[in-house]
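As structure tokens, the structure follows; a few thoughts come after it.
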Amino acid sequence: MSLLTRQKSPSGAAEPAAPAGAARRMRRWTPYAFLAPYLTLFAVFMVLPIGFGFWTSLHEWDINLPAKPFVGPENYTDLFDPASVDGGRFWTAMRATAIFTLFSVPLLIVLPLLVALLMNGRFRGRNLYRAVYFAPYVLGVAVVGFLWRFLLDGNIGLVNHYLGLDVQWTTDEPPVWIALVGVTVWWTLGLNAVIFLAGLQDIPRELHEAAMVDGASAWRRFLAVTLPGLRPVTVFVVNATILASANMFGQSYLITAGAPADRTKTAIYLIAETGLRHFDMGTASAMSFILAAFLMAASALVFGAFRDRSRR
Amino acid sequence: MTRDTRGLRRALLHLVLAVVAALYLSPLVYMVSTSFKTREGAGSTDPQWIPDPFTTDAYREILGSADSPILTWFVNSLIAATGHAALVLVTAAPAAYALARLRFRGRNTIFTVVVATLFVPPVVLLIPTFLIVNELAWVDSLPAVIVPAAAGAFGVFFLRQFFLTLPGELEEAAELDGCNRWQIFTSVALPLARPALVTLFLLSFLTNWNDFLWPIYVLLSPESLTLPAGLGNFQGANNIRYDLLMAGAVIASLPVIALYLVAQRWVIEGISRSGLKG
Numbered sequence: 001m002s003l004l005t006r007q008k009s010p011s012g013a014a015e016p017a018a019p020a021g022a023a024r025r026m027r028r029w030t031p032y033a034f035l036a037p038y039l040t041l042f043a044v045f046m047v048l049p050i051g052f053g054f055w056t057s058l059h060e061w062d063i064n065l066p067a068k069p070f071v072g073p074e075n076y077t078d079l080f081d082p083a084s085v086d087g088g089r090f091w092t093a094m095r096a097t098a099i100f101t102l103f104s105v106p107l108l109i110v111l112p113l114l115v116a117l118l119m120n121g122r123f124r125g126r127n128l129y130r131a132v133y134f135a136p137y138v139l140g141v142a143v144v145g146f147l148w149r150f151l152l153d154g155n156i157g158l159v160n161h162y163l164g165l166d167v168q169w170t171t172d173e174p175p176v177w178i179a180l181v182g183v184t185v186w187w188t189l190g191l192n193a194v195i196f197l198a199g200l201q202d203i204p205r206e207l208h209e210a211a212m213v214d215g216a217s218a219w220r221r222f223l224a225v226t227l228p229g230l231r232p233v234t235v236f237v238v239n240a241t242i243l244a245s246a247n248m249f250g251q252s253y254l255i256t257a258g259a260p261a262d263r264t265k266t267a268i269y270l271i272a273e274t275g276l277r278h279f280d281m282g283t284a285s286a287m288s289f290i291l292a293a294f295l296m297a298a299s300a301l302v303f304g305a306f307r308d309r310s311r312r
Numbered sequence: 001m002t003r004d005t006r007g008l009r010r011a012l013l014h015l016v017l018a019v020v021a022a023l024y025l026s027p028l029v030y031m032v033s034t035s036f037k038t039r040e041g042a043g044s045t046d047p048q049w050i051p052d053p054f055t056t057d058a059y060r061e062i063l064g065s066a067d068s069p070i071l072t073w074f075v076n077s078l079i080a081a082t083g084h085a086a087l088v089l090v091t092a093a094p095a096a097y098a099l100a101r102l103r104f105r106g107r108n109t110i111f112t113v114v115v116a117t118l119f120v121p122p123v124v125l126l127i128p129t130f131l132i133v134n135e136l137a138w139v140d141s142l143p144a145v146i147v148p149a150a151a152g153a154f155g156v157f158f159l160r161q162f163f164l165t166l167p168g169e170l171e172e173a174a175e176l177d178g179c180n181r182w183q184i185f186t187s188v189a190l191p192l193a194r195p196a197l198v199t200l201f202l203l204s205f206l207t208n209w210n211d212f213l214w215p216i217y218v219l220l221s222p223e224s225l226t227l228p229a230g231l232g233n234f235q236g237a238n239n240i241r242y243d244l245l246m247a248g249a250v251i252a253s254l255p256v257i258a259l260y261l262v263a264q265r266w267v268i269e270g271i272s273r274s275g276l277k278g
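Just so you know, the sequences run in chain order A and B.
Residues in the first sequence are numbered from 1 upward in steps of one, following UniProt numbering.
Residues in the second sequence are numbered from 1 upward in steps of one, following UniProt numbering.
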């Protein structure tokens with residue numbers, strides 16, 4: 001901020017009589033002055049952490065201990081040894097992240113697409129429905145987590161009551177996954193639906209009309225016009241949803257607290273706990289880089305998959 | 001004939017959408033309803049949609065409790081979310097303007113590097129950001145939840161898209177009138193960008209207000225917590241008081257629900273548009 005105000009005053013003051021050279025120099029520096037405040041933040045809280053995180057992962061790093069010995073790749077090799085304590089924990093957490101991602105992502109693509117298709121006509125109340133389906137997303141995970149912790153309570157929860165079941169949704173192994181995935185679908189379905197809806201509305205009407213003139217059935221039009229038209233949006237939604245699901249934290253933390261026996265403790269949950277509760281920051285950083293490598297590979301796969309199809 | 005079937009289909013569509021919408025909102029209705037129940041009522045096995053007896057005890061207890069200063073958390077959250085959103089605007093707007101409208105050496109490189117970080121999984125930032133925040137002595141204070149996230153590339157990216165679409169004539173006219181770049185930016189570009197700025201402010205505010213993982217680890221003492229992080233402490237208790245928890249959840253939801261009711265269209269359109277272009 002101070003840089004910007006400093007920029008403003010001299011140019012304002014020197015305006016009429018400023019020699020051409022000074023004015024030109026001012027102009028040359030102006031863009032950088034515009035960028036400076038953001039780039040300062042960017043350097044300190046984006047570029048620096050990336051490098052610093054990797055540096056940390058090569059050390060035995062406890063924030064409270066003065067000695068932070070360099071251990072090279074040891075944190076990584078330790079994690080890749082399933083017999084080690086950290087390795088065992090880490091791959092259990094990676095498994096939890098993988099299960100959650102595999103089950104939540106398809107539902108979070110197909111259901112929002114259906115909702116978007118239903119809402120893609122012009123009819124009364126469309127914006128109202130859109131607002132309703134989107135509403136849970138504006139609530140934070142804290143509210144959503146507590147609310148569903150209550151509704152899924154094994155003894156007094158509404159879910160068991162109305163389904164006539166006696167299931168421990170927050171502590172028993174297959175049901176916890178249904179609970180976590182279900183809550184997440186309820187929470188974020190509207191987000192993907194409005195993105196799909198915007199994508200549907202960007203498909204030129206003429207394409208549909210032309211297909212109709214050619215006598216194409218509704219299903220045929222869906223396959224030949226709608227789906228290809230949605231490709232860019234779909235790549236984005238699939239990618240963003242995979243990343244969001246793989247970063248799932250609050251639902252586990254609040255609804256299951258990792259139960260049973262840490263089997264729903266996700267990778268990011270373990271990383272936060274290892275690094276920021278137990279202050280084993282070297283190990284936690286190494287974990288985060290391994291998780292990031294998996295996430296970037298997943299993104300690459302998504303881009304690759306969609307590119308191949310368009311070529312054919 | 002076709003008109004009849006079309007009418008029928010439309011009615012069916014409305015029925016499906018309305019039923020699903022009602023089901024969709026019912027958990028929120030039950031949250032509000034439970035917050036007005038007694039301790040016994042909230043723990044009852046019989047679902048009660050209209051509290052009987054109706055009481056504001058849960059709110060009174062939660063607002064009066066010394067070890068969970070929920071009003072302080074509320075104010076902290078308000079300061080953090082407002083401060084964060086303001087910081088995002090103040091830093092991202094000039095940067096986005098420069099990247100969109102000014103020509104200078106290194107522009108493409110800077111833009112590419114900034115946008116590339118959109119693809120960096122945020123998990124790798126978690127531990128080192130904590131270490132940096134610790135060096136700055138910000139742990140357990142609000143700057144920790146206001147500043148670091150403003151380094152994200154989203155705001156710059158989002159506003160740049162908007163500045164790119166502005167017509168150049170107005171800026172040229174201002175330049176002929178003798179305005180310098182800063183004056184053109186503040187008096188021509190920013191007013192035109194108001195919709196994008198409002199949207200970015202709202203999205204940043206909501207994201208910050210709802211943030212959970214970071215504040216529960218970086219804020220420690222009861223009086224420095226944000227609302228979601230403070231509510232997180234309730235979970236620790238063995239005997240969960242759902243009446244208190246739901247009252248806390250309602251209080252945490254009020255500002256975002258209010259914002260959403262007022263600015264629903266801006267929020268939704270901002271998110272769906274940024275999605276398309278991301």
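Don't be surprised by glycine CBs; every beta carbon is placed ideally from N, CA and C.
Counting only Cβ-Cβ distances below 8 Å, B/Arg273 has contacts in chain A at Ala198, in chain order. Between the alpha carbons of B/Leu28 and B/Phe234 lies a gap of roughly 19 Å. At least 8 Å separates the beta-carbon of A/Tyr133 from that of A/Leu200.
Residue environment analysis places B/Asn108 among the exposed positions, since fewer than 16 neighbouring C-beta atoms fall within 10 angstroms of its C-beta. Contact check for B/Ile127 and A/Thr77: beta-carbon distance about 19 Å, past the 8 Å limit, so the pair fails to qualify. Shown in chain order are the members of the region 149 to 162 of chain B whose Cβ falls below 7 Å from a Cβ of chain A: Ala150, Ala151, Val156.
Of the candidates A/Phe100, A/Glu74, A/Phe90, A/Tyr129, A/Tyr129 places its Cα closest to the Cα of B/Leu15.
Counting only unbroken stretches of 4 or more residues, the alpha helix (DSSP H) elements lying wholly within the region 159 to 244 of chain A are 173 to 202, 205 to 213, 218 to 221, in sequence order. Distance between A/Asn160 and B/Pro51, taken at the CA atoms: about 20 Å. Cα atoms of A/Met287 and A/Val213: separation of roughly 56 Å, rounded to the nearest angstrom.
The residue from A/Leu254, A/Phe45, A/Lys265, A/Gly51 with its alpha-carbon nearest to that of B/Pro143 is A/Phe45.
Of all C-beta pairs linking the region 168 to 185 of chain B to the region 56 to 64 of chain B, fewer than three are shorter than 8 Å, placing the two stretches out of contact. In the structure shown, the three-state DSSP call for A/His278 is coil. Residue state for A/Phe80 is assigned as coil, using DSSP reduced to three classes. At a cut-off of 8 Å between C-beta atoms, B/Gly83 does not count as an interface residue with respect to chain A.
DSSP, read as helix, strand or coil, puts A/Phe70 in strand. Around A/Ala216, no beta-carbon contact reaches into chain B at under 9 Å, the shortest distance being about 18 Å. Residues of the region 57 to 79 of chain A that bring their beta carbon within less than 8 Å of a beta carbon in chain B comprise Ile63, in sequence order. The beta carbons of B/Thr34 and B/Met246 sit closer together than 8 Å.
Relative to the Cα of A/Thr256, the nearest Cα in the group A/Pro232, A/Tyr269, A/Ala293 belongs to A/Tyr269. Exclusion of the five residues before and after B/Leu259 leaves Leu202, Phe205, Leu206, Val267 as the residues of its chain whose Cβ lies within less than 8 Å of its Cβ. Only buried fits B/Phe157, as 16 or more other CB atoms lie within 10 angstroms of its CB. With respect to the 8 Å criterion, B/Val124 and A/Phe289 are classified as neighbours on the basis of their beta carbons. Taking 8 Å as the CB threshold, A/Phe289 lines the interface with chain B.
Of the candidates A/Val115, A/Thr274, A/Trp187, A/Pro232, A/Trp187 places its Cα closest to the Cα of A/Ser104.
Going by C-alpha positions, B/Arg6 is about 13 Å away from A/Arg122. Beta-bridge annotation (DSSP): A/His59 is paired with A/Phe70. Rounded to the nearest whole angstrom, the C-alpha separation of A/Leu230 and B/Ser65 is 52 Å. Shown here, B/Val120 sits in coil according to DSSP, grouped into three states, outside any helix or strand. Of the residues assessed, B/Ile62 falls on the buried side of the cut-off, its CB having 16 or more other CB atoms within 10 angstroms.
The contact set of A/Arg205 on chain B, defined by CB atoms closer than 9 Å, is empty, because the minimum CB distance reaches about 18 Å.
The beta-carbon of B/Asn210 is placed less than 8 Å from the nearest beta-carbon of chain A. Under the DSSP assignment, B/Gly155 falls in the alpha helix (DSSP H) whose first and last residues are 154 to 164.
Only Trp186, Leu191, Val194, Ile195, Leu197, Ala198, Gly199 from the region 176 to 201 of chain A bring a Cβ to less than 8 Å from some Cβ of chain B.
Listed along chain A, the residues sitting closer than 7 Å to B/Gln264 by beta-carbon distance are Ala131. Between the C-alpha atoms of B/Ser26 and A/Arg124 there is a straight-line separation of about 22 Å.
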